[in-house]
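Next comes the structure, spelled out in structure tokens:
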């Protein structure tokens, strides 16, 4: 969510390091075959092409997924966890779900307190044990009794025949209940819902074994979630969910009948992206989760801290030890977005989710006040849930070290320091590494069909940075992603470049022949001039304002997606501009202006509980016009949480609230034609935009003209004398590798144990990508990443020998966390 950017001035030179991945020539980068490819576990197949099954109807070697723990098999299920978003509590309850933040694992979800488990009703991410009855014990007892008396041979024969018939019938019933697992290459149109079973069949030794779980279903089927609770799958659009504990990377699920299943191709320019953001979840924002911010702010321990962003939120939480300290942030992760949200998103006719992620999901350096790596655990859950319900993910790198825009949703409100200011190049170098690390993970075969779009940097301040510097950064990021995704067309995600608030026509012809790139634009009406015109007057505004721009960009650049838009036409709403920033509509906004007082937001715009049917219909019209004009889009955002007043105070930003109350379309396809044209873009994308002929062959003159790093960057108060340098890093470190989910083997009984583990990938898609990770050069001085642009570069700076390229360091492939 953007605000108008400031202006730039001044120029600084610095001694550029040869920091491109020049070890891999661009021409060779996309045309040579990969040295090896990753693979993932599939069951051993029999002569009929199906997995060998054991006596309990589960493929031998199947592994219990980590996220389906003991609660999956407990009759009672877990207790309900209240979220800040859904609760009107003014005081946060004492949490028994604080993580054990260990040095060797990002999966510290087990304990309530250090060294202890929480109560049985709380969430546990631990392996469980199958529990079942023994339906054949009685039959076997009857069989023994039948053969115990030799007085009549005819009676035992008849009884024996009856027993054999009963066993045959039981075997048939069990066989019908056991789902057959489809490979990812199969057509999933034949996948249906299998009948759930709560009984257990014996193993060969007669020991009770696991329940036979339903792995797929359609509208009305019962779903067991990863926390052990159950819900009814409601999807009237022909969607199919799929989750098989023995085949956790199966991509057979389909969000709706008209959306390609995950194991089918999503055709850019043909299949529409109709998506929603999961804002405020893994990167918090005050206006999305106001209860969280207000509750922590209201505690006495926070009295000396004004909580305005995630940085200050964590500072206050660290002091609030009586209520769990920083673990309260993880409680937010656990409760604000859950598996049920993913099911509801598919049921709403949406097929994509855009998930903002902060760089702290990867690492946090000393002195940087963010919770390290924990949000990555929940992003892994998001991948699992999206896969289960047939949704695709747009991974959005939303917050960079030093901040790329200075707004609270970058993690820290204040200055922006990426490609701007004395630390502008150093912070960009770190950011490029984080882009590379994420690209390595999502390009693995286990994840590439789910995480298909990668927004490499959210909302950089392009007007201040300058389009030349921004495009140099983008091209280097593109190279990092394509190197990570390996050689060959069609590998890895579509790369999304935010427009940086620069006019879209300035990107016409940019990055020609780049393999599957996209522009990301965030059109909002609410952050400029304010008006008292009623919502009924905005019915065609999106068509008139955005439709032509989108069509022109599709023709002159290529694919474009509106990564954010909303129903807001004014900036009314609690904390929409930030905590303590004021409101333009009410004349109190602290920046720009002067802003005239046009009225009262609560009376004029945000009293959604009193909206008439006519008002709701006007918002419906506006929403459909926006969708039709933008063509491929992500609404910001899926959910706005309650404030401590117990209500949503920014209603124009919540898709789910609009669905529940009748001002968002229950079927987004009905938006087509709202602008008077059922197919706004009449042309076709260039072949290279869809991974076809010529993709990846960016002309050499374009590459040379956008070489990284840029020779100069600009920012206010800069020292412009010739030879002035800026701090830079060198590739001296070993790259971080992100772990995959842990699927823990489980015991079906005392005598039968499933021990084969599922291959979740190494975290590194391309083993030939061995360039070192950027880090400080010994003997050089660096400023704080958030130093701001008013400071002069530090001293001593690097000259001569330290500027030489360090030896490439082999990427360290770290093991997944173990329990």
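Numbering (full-length UniProt numbering), first residue to last: 1 to 819. All residues carry an ideal CB built from backbone N, CA and C; glycine is no exception. Note that the structure is a prediction, hence the values are computed from the model and not measured.
(Q) Quick check on the DSSP output: the alpha helix (DSSP H) that includes residue 553 runs from which residue to which? (A) Run containing residue 553: 541-556, per the alpha helix (DSSP H) assignment.
Q) On the three-state DSSP scale, how would you describe residue 634? A) In the three-state DSSP reduction, residue 634 falls in the strand class (E or B).
Q: Any chance you could list the alpha helix (DSSP H) runs of at least 4 consecutive residues sitting entirely within the region 688-715, in chain order?
A: Counting whole runs of 4 or more residues, the region 688-715 contains the alpha helix (DSSP H) stretches 700-705.
Q: Have a look at 537, 605, 515, 466 and flag the residue whose alpha-carbon is nearest the alpha-carbon of residue 699.
A: Cα-wise, what sits closest to residue 699 is 515.
Q.
Let me confirm a value: residue 258 is counted as buried when at least 16 other C-beta atoms fall within 10 Å, else exposed. Which label applies?
A. Looking at its Cβ environment, which holds fewer than 16 other Cβ atoms inside 10 Å, residue 258 is exposed.
Q) If you follow the alpha helix (DSSP H) that residue 295 is part of, which residue opens it and which one closes it? A) Its alpha helix (DSSP H) spans residues 290-297.
Q) Any idea what DSSP makes of residue 608, helix, strand or coil? A) Residue 608 carries a helical assignment under DSSP once its states are collapsed to helix, strand and coil.
(Q) Whole angstroms are fine: how far does the CA of residue 437 sit from the CA of residue 444? (A) Distance between the alpha carbons of residue 444 and residue 437 is about 12 angstroms.
Q) With a cut-off of 8 angstroms, do at least 3 Cβ pairs link the region 616-636 to the region 657-669? A) Judged by pairs of C-beta atoms under 8 angstroms, the region 616-636 touches the region 657-669, as three or more such pairs exist.
Q. Can the beta-carbon of residue 710 be found closer than 8 angstroms to that of residue 469?
A. Yes, they are a contact pair.
(Q) One question on the structure: do residue 274 and residue 633 come within less than 8 angstroms of each other, judged by their Cβ atoms? (A) Yes, the Cβ-Cβ distance between residue 274 and residue 633 is below 8 angstroms.
Q. Using the rule of at least 16 other Cβ atoms within 10 Å of the residue's Cβ for burial, across every protein chain shown, is residue 201 buried or exposed?
A. Because residue 201 sits at a pLDDT of 32, beneath the cut-off of 50, its placement in the model cannot be relied upon, and the following sentence gives the value as read from the coordinates. With a 10 Å radius around the Cβ and a threshold of 16 neighbouring Cβ atoms, residue 201 comes out buried.
Q: Return the Cβ separation of residue 839 and residue 480 in integer angstroms, given the expectation that the two are a contact with Cβ distance under 8 angstroms.
A: Limits of the chain in this structure are 1 at one end and 819 at the other, which puts residue 839 out of reach.
Q.
With H, G and I counted as helix, E and B as strand and the rest as coil, what does DSSP make of residue 50?
A. For residue 50, the predicted structure reports a pLDDT of 36, less than 50, and the residue's modelled location is therefore unreliable. The matter cannot be settled from this model.
Q: Report yes if the CB atom of residue 535 is closer than 8 angstroms to the CB atom of residue 615, and no otherwise.
A: Yes, these two residues count as a Cβ contact at 8 angstroms.
Q: Look at the alpha carbon of residue 780 and the alpha carbon of residue 422, and state the distance between them as a whole number of angstroms.
A: Roughly 14 angstroms separates the two Cα atoms.
Q | Backbone CA spacing between residue 557 and residue 520 [nearest angstrom] | A | Taking the straight line joining both Cα atoms gives about 12 angstroms.
Q: Would you mind stating whether residue 526 and residue 571 have Cβ atoms separated by less than 8 angstroms?
A: The answer is yes: Cβ separation under 8 angstroms.
**Q.** Whether residue 482 touches residue 761 by CB criterion (8 angstroms)
**A.** At a Cβ-Cβ threshold of 8 angstroms, residue 482 and residue 761 do not count as neighbours.
**Q.** beta strand (DSSP E) segment containing residue 397, residue limits
**A.** 392-399 is the extent of the beta strand (DSSP E) around residue 397.
Q. How would you call residue 864, buried or exposed, if buried means at least 16 neighbouring beta carbons within 10 angstroms?
A. Since the displayed the chain opens at 1 and closes at 819, residue 864 lies outside it and no answer follows.
Q.
Taking the alpha-carbon of residue 349 as reference, which of 398, 563, 240, 432 has the nearest alpha-carbon?
A. Measuring from the Cα of residue 349, the nearest candidate turns out to be 240.
Q | Between the CA atoms of residue 507 and residue 703 - distance to the nearest angstrom | A | Counting only the Cα atoms, residue 507 lies some 15 angstroms from residue 703.
**Q.** Option nearest residue 499 by Cα separation, candidates 462, 406, 528
**A.** Distances from the CA of residue 499 to each of 462, 406, 528 were compared; the closest alpha carbon is that of 462.
**Q.** Cβ neighbour criterion (16 or more within 10 Å) applied to residue 267
**A.** By the C-beta density criterion, residue 267 is exposed, having fewer than 16 other C-beta atoms within 10 angstroms.
Q: Taking only the alpha-carbon atoms, compute the straight-line gap between residue 454 and residue 643 and give it to the nearest angstrom.
A: The alpha-carbon of residue 454 is positioned some 32 angstroms away from that of residue 643.
Q: Note down, one range per segment and in chain order, each beta strand (DSSP E) of at least 3 residues found wholly within the region 410-492.
A: Those beta strand (DSSP E) runs which fall completely within the region 410-492 and span 3+ residues are 451-455.
(Q) Based on DSSP bridge pairs, tell me the residues matched to residue 517. (A) 495, per the DSSP bridge assignment.
**Q.** Proximity of residue 564 and residue 277 at Cβ, strictly below 8 angstroms
**A.** Against a cut-off of 8 angstroms, the Cβ pair of residue 277 and residue 564 comes out as a contact.
Q. What three-state label does DSSP hand residue 644 in the structure shown?
A. If DSSP states are grouped into helix, strand and coil, residue 644 belongs with coil.
Q) Would you report the Cα separation of residue 307 and residue 505, rounded to the nearest angstrom? A) C-alpha separation (whole angstroms): 39 angstroms.
Q | Assigned exposure category for residue 577 - 16 Cβ within 10 Å defines buried | A | Around the beta-carbon of residue 577, 16 or more other beta-carbon atoms lie within 10 Å, marking it buried.
Q.
According to DSSP, simplified to helix, strand and coil, what is residue 665?
A. In the structure shown, residue 665 adopts coil according to DSSP, grouped into three states.
Q. Among the residues of its own chain, which have a CB less than 7 angstroms from the CB of residue 502, if the five just before and after it don't count?
A. Here the set comprises 462, 463, 467.
Q: Kindly indicate which residue of 402, 775, 247 has the alpha-carbon position closest to the one of residue 733.
A: Distances from the CA of residue 733 to each of 402, 775, 247 were compared; the closest alpha carbon is that of 775.
Q. Nearest to residue 528 by alpha carbon, out of 365, 587, 383?
A. Looking at the Cα atoms, 587 is the closest of the given residues.
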